[in-house]
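Beneath this line is the structure, given in structure tokens, with notes to follow.
In our numbering, the protein residues as written are -2 to 63.
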């Protein structure tokens, strides 16, 4: 596998985890008795995943000389 394929595979894995977290957060938010600390931690993890996905996608874009 090439580096590009590895990055693309990792992006897909992180995106799946991001979507799963979104579903869990939505389900817990709908429940009025959800642990707020747990929700905050899940949301923080979701944001970290999104940031990591963005960084990996930026690695796939070639640098354009100025």
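Glycine residues also receive a C-beta, built at the ideal position from the N, C-alpha and C atoms. Owing to the predicted nature of the structure, the values given are computational and were not obtained by experimental measurement.
Item	Value
Could you say if the stretch 25 to 42 and the stretch 1 to 8 meet the contact criterion of at least three C-beta pairs nearer than 8 Å?	no
On the DSSP letters alone, give me the boundaries of the alpha helix (DSSP H) that residue 13 sits inside.	0 to 27
Give the C-beta separation of residue 7 and residue 53 to the nearest angstrom, bearing in mind that I take them to be a contact with Cβ-Cβ under 8 Å.	6 Å
For residue 49, report the span of its alpha helix (DSSP H) as first-last.	33 to 57
Cβ atoms of residue 39 and residue 13: under 8 Å apart, would you say?	no
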